[in-house]
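One structure is given below, encoded as structure tokens.
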């Protein structure tokens, strides 16, 4: 029941946030791109909510939950592909990129918004021009045909965190008598 309560609340947050930010970011106004944007933002907000609920259910109090959750947020941000692109992450850490929910969100957001964009993009050398979708594919490793997998993964993380929360809330009892 506690999981179901979050669904409409997070959806309302998502609609308000997306309608404001999408136009502020000057994304292309097409129905499919806007719906993909709402989809990824909704499930991103949802998995962060469920992750917080999960850590709270797995620990004796909210202070310990914060201590447990904080390092994961740092690692998720570090290995999401935003600060260090996937191709520059050391080979022995690349597995963590694929186990990272934020990486799947970024993958989905970038490929849904720019994965089929043929507009020219000036590279860092200042002279070369490449289509945006080619830059995403060749330089960053993002494939537009992988968009469905990214969508499946963010939903999967929501289900995973929600199931662990449900099992933990049922199994663990930190009260003392």
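Numbering (UniProt numbering), first residue to last: 1 to 177. In this text, a Cβ means the ideal position worked out from N, Cα and C, and glycines have one as well.
Taking the continuous beta strand (DSSP E) assigned at residue i, which residues delimit it?
i           : result
residue 121 : 120 to 122
residue 131 : 129 to 131
Whose CA, out of the options, lies closest to the CA of residue i?
i           : options          : result
residue 115 : 148, 49 and 152  : 148
residue 143 : 70, 104 and 83   : 104
residue 47  : 166, 139 and 154 : 154
residue 44  : 58, 18 and 30    : 18
residue 41  : 109, 168 and 71  : 109
residue 33  : 71, 111 and 169  : 111
What span of residues does the alpha helix (DSSP H) with residue i cover, start to end?
i           : result
residue 101 : 101 to 114
residue 7   : 2 to 24
residue 147 : 147 to 171
residue 58  : 31 to 58
residue 254 : Nothing can be reported for residue 254: it is not among the residues displayed for the chain, which extend from 1 to 177.
Helix, strand or coil for residue i? Go by DSSP, reduced to three states.
i          : result
residue 71 : helix
Note down the Cα distance separating residue i from residue j, rounded to an integer number of angstroms.
i           : j           : result
residue 4   : residue 158 : 12 angstroms
residue 25  : residue 86  : 24 angstroms
residue 146 : residue 174 : 43 angstroms
residue 123 : residue 54  : 42 angstroms
Going by the CB atoms, is the gap between residue j and residue i shorter than 8 angstroms?
i           : j           : result
residue 131 : residue 119 : yes
residue 57  : residue 165 : yes
residue 60  : residue 76  : no
With a threshold of 7 angstroms (Cβ to nearest heavy atom), would residue i be considered close to the ligand MN?
i           : result
residue 133 : The ligand content of the structure shown is nil, which means the ligand MN is not present either.
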